[in-house]
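Engineer: Protein chains in written order, with my numbering: chain A, 90 to 361; chain B, 43 to 324. Each residue gets a CB set at the ideal place from its N, CA and C atoms; glycine is no exception. Below: one structure in structure tokens.
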């Protein structure tokens, strides 16, 4: 392929400018890192915060809950994001719950099943129940959809629903909430689980032992598949980190979160 | 002038060496990260183990090795007849006006990003296969179908080159002896270009084994030994792609170790392809 040398001479500085535009990370600011479930919400909050405070910079990164807590411990990040409670060895850290998120078990809207017991869901996902007929549905094999190993959503599902049982190796594995939703929305015999905030009209969130996953039922403790979204600090937050935390716990920010499908919290400081 | 040329020569040499350096570094890091885990859990448990449950310390990749070959074999089964027919048509029958249209179109097939292939497979092929053949639709068959299109450009361009490189006397001689056009293609031209065609197939196979993004979207990624073409499966590449995001410690090392296995498979295929295409020259 022949490129006019004059044009390529012009392209070179252009490329350099583009490159240098990508390197503006040296400005001061705070870093928020951790759970990929919390990440999209933190990004939203950070954008809102930065639009109100000109000159502030908040960098949001993923990596997973454990990595986020680790980053807060070592100081690599000012704030760690976690979608699980701290374990004993992490208890020296300072954790603040910013919202609660529920895990919804979803099926295709065409599926007549709308209500399952926790034990039934466990047996479906462990592979003991293989056909919808066994739980009162159509005579059709169940297609399981799960998340990949290491995902925070999978960890929570394992803890709340599976307990000691293993998720069947037959299960399809998708690497994001959106991908699980896509598979379930297109397959009438599929069942999966995603963050409640991401349930839309393409899928149906089922009632668990008669309890519908709604904000009211999460608040009054009836719906059990609930996990915390935490901000984790090494010490008492100060400066910009403190300002951002205060913003996140303020009524407008909490309203924003509840609009995105999360359950807002009154400020609760410390571990639970 | 002499000096200037010398300098340019040295600069080019440095640049050429840098690409090899990168290759060496990548190889070194894959082995440095992956080998300790293989030695820790034992090569037998790693290569022949049937269960992959990282949270329990089980890192058996045998089902993935098998799945990789199933998917690739399926892609070749569908892709080779299609690719060879295309090549023969392009070389022997296509009027040059049509060929100038077809060739860029085939090259465009190589330029489409794999995520687009994956998306198309997920939206179009997956529901078709689920509705007409059963199973979850996210299956080896769907993956092989999509891959067979993805390897077409590789198979066609290289085998076309090898057909074109044949001395024109082969074709002329065969026709002069009274063979029909088809007999000439089937009995003379294809056998003569055999090594190049086989090399194109092996390179296509390398492409199929290495494909990741489209396969993550289409195969369903279940970690089990496949028992039919309608089963979901996880290949070596998708195992790395899907779990890299969160993996730490042993789990992360096990993914690098998966990379070592891929490394050897691709090396073997490329060596085979190179040695076969060298034979053509003689």
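Out of B:61, B:257, B:238 and B:302, which has the shortest C-alpha to C-alpha gap to residue 314 (chain B)?
Structural biologist: For residue 314 (chain B), the nearest C-alpha among the options comes from B:238.
Engineer: If the cut is a Cβ gap below 7 angstroms, which residues of chain A does residue 288 (chain B) touch?
Structural biologist: Correct list: 153, 239 and 240.
Engineer: For the stretch 170-188 of chain B, which residues have a beta carbon sitting closer than 7 angstroms to at least one beta carbon of chain A?
Structural biologist: Those would be 172, 178, 179 and 180, in chain order.
Engineer: Can you pull the chain B residues whose beta carbon is under 8 angstroms from the beta carbon of residue 177 (chain A), in chain order?
Structural biologist: Ordered by position in chain B, no residue passes the 8 angstroms Cβ test against residue 177 (chain A), which lies about 19 angstroms from the chain.
Engineer: My output table needs one value for residue 296 (chain A): the three-state DSSP class, helix, strand or coil.
Structural biologist: Of the three classes helix, strand and coil, the one that applies to residue 296 (chain A) here is strand, per DSSP.
Engineer: Taking the beta strand (DSSP E) that residue 208 (chain B) belongs to, which residues open and close that run?
Structural biologist: Looking at the DSSP string, residue 208 (chain B) is not in any beta strand (DSSP E), and its letter there is neither H nor E.
Engineer: Need the endpoints of the alpha helix (DSSP H) that residue 335 (chain A) sits in, please.
Structural biologist: From DSSP, the alpha helix (DSSP H) with residue 335 (chain A) extends over 328-337.
Engineer: Between the C-alpha atoms of residue 312 (chain B) and residue 180 (chain B), what's the straight-line distance to the nearest angstrom?
Structural biologist: Each residue's Cα considered, the two are about 30 angstroms apart.
Engineer: Does the beta-carbon of residue 237 (chain A), which I'm using as the reference point, lie nearer than 7 angstroms to any heavy atom of the ligand PLP?
Structural biologist: As presented, the structure is devoid of all ligands, the ligand PLP included, so that no description of it is given.
Engineer: Can you find a C-beta in chain B that's less than 8 angstroms from the C-beta of residue 156 (chain A)?
Structural biologist: Answer yes: the Cβ-Cβ gap between residue 156 (chain A) and chain B drops below 8 angstroms somewhere.
Engineer: With distances taken Cα to Cα, identify the nearest neighbour of residue 240 (chain A) among A:199, A:209 and A:192.
Structural biologist: For residue 240 (chain A), the nearest C-alpha among the options comes from A:192.
Engineer: Could you tell me whether any Cβ in chain B is nearer than 8 angstroms to the Cβ of residue 90 (chain A)?
Structural biologist: With a pLDDT of 46 at residue 90 (chain A), under the threshold of 50, the predicted position of this residue should be treated as unreliable, and no value is reported.
Engineer: Going by the beta-carbon positions, is the gap between residue 332 (chain A) and residue 134 (chain A) smaller than 8 angstroms?
Structural biologist: For residue 332 (chain A) and residue 134 (chain A), no; Cβs fall outside 8 angstroms.
Engineer: Pick out the complete alpha helix (DSSP H) segments inside the stretch 255-285 of chain B, 4 residues or longer, and give them in chain order.
Structural biologist: List check, alpha helix (DSSP H) in window: 255-260 and 278-285.
Engineer: Would you identify the three-state DSSP class for residue 292 (chain B), choosing helix, strand or coil?
Structural biologist: DSSP places residue 292 (chain B) in helix when its eight states are reduced to three.
Engineer: Mapping DSSP to helix, strand and coil, what is residue 342 (chain A)?
Structural biologist: Here residue 342 (chain A) sits in helix by DSSP.
Engineer: So, for residue 114 (chain A): in the same chain, excluding its five sequence neighbours on each side, which residues have a beta-carbon less than 7 angstroms away from its beta-carbon?
Structural biologist: With a pLDDT of only 48 at residue 114 (chain A), under the threshold of 50, the placement of this residue in the model should not be trusted, and no figure is reported.
Engineer: Alpha carbon to alpha carbon, how far is residue 183 (chain B) from residue 144 (chain B)? Give it in angstroms, no decimals.
Structural biologist: So the two alpha carbons sit approximately 27 angstroms from each other.
Engineer: Report, in whole angstroms, the separation of the C-beta atoms of residue 242 (chain B) and residue 270 (chain B), which I expect to be a contact under 8 angstroms.
Structural biologist: At roughly 29 angstroms, the Cβ-Cβ gap does not stay under 8 angstroms, so residue 242 (chain B) and residue 270 (chain B) are not in contact.
Engineer: Who are residue 394 (chain A)'s beta bridge partners in DSSP?
Structural biologist: The displayed coordinates of chain A run from 90 to 361. Any statement about residue 394 (chain A) would go beyond what the structure contains.
Engineer: If residue 227 (chain B) sits next to residue 154 (chain B), beta carbons under 8 angstroms apart, how far is it from one beta carbon to the other, in whole angstroms?
Structural biologist: Incorrect: roughly 30 angstroms between the Cβ atoms, too far for contact.
Engineer: Identify the contact partners of residue 315 (chain A) in chain B, using a Cβ-Cβ distance below 9 angstroms as the criterion.
Structural biologist: Here the premise fails: no neighbours, minimum Cβ distance about 22 angstroms.
Engineer: What distance in whole Å lies between the Cβ atoms of residue 221 (chain A) and residue 278 (chain A), which are believed to be in contact at a cut-off of 8 angstroms?
Structural biologist: Contact holds; Cβ gap of about 7 angstroms.
Engineer: Give me the chain B residues within the contact set of residue 259 (chain A), using Cβ-Cβ distance strictly less than 7 angstroms, ordered along the chain.
Structural biologist: By Cβ distance, chain B contributes 264 and 266.
Engineer: Which word fits residue 359 (chain A), buried or exposed, when buried means at least 16 other C-beta atoms lie within 10 angstroms of its C-beta?
Structural biologist: Any reading at residue 359 (chain A) needs caution, since the residue's pLDDT is 33, under 50, leaving its predicted position unreliable; the model's value is listed next. With fewer than 16 other Cβ atoms within 10 Å, it is exposed.
Engineer: Let's test the definition: count the other Cβ atoms within 10 Å of the Cβ of residue 319 (chain B) and tell me whether it reaches 16, buried, or not, exposed.
Structural biologist: Buried, since its Cβ has 16 or more Cβ neighbours within 10 Å.
Engineer: Residues of chain A with CB under 8 angstroms from residue 284 (chain B), in chain order?
Structural biologist: Under the 8 angstroms cutoff, chain A gives 237, 262 and 264.
Engineer: Let's see if you can read the secondary structure: which residues bound the beta strand (DSSP E) around residue 308 (chain A)?
Structural biologist: Note, residue 308 (chain A): premise wrong, no beta strand (DSSP E); alpha helix (DSSP H) at 304-308.
Engineer: Quick one: Cα of residue 121 (chain A) to Cα of residue 142 (chain A), how far?
Structural biologist: Each residue's alpha carbon lies about 17 angstroms from the other.
Engineer: According to a CB-to-CB cut-off of less than 9 angstroms, which residues of the stretch 291-321 of chain B neighbour chain A?
Structural biologist: Hits within the stretch, in order: 293.
Engineer: Since I believe residue 253 (chain B) is in contact with residue 189 (chain B) (beta carbons under 8 angstroms), could you give me their beta-carbon distance rounded to a whole number of angstroms?
Structural biologist: Residue 189 (chain B) to residue 253 (chain B), Cβ: 6 angstroms. Contact.
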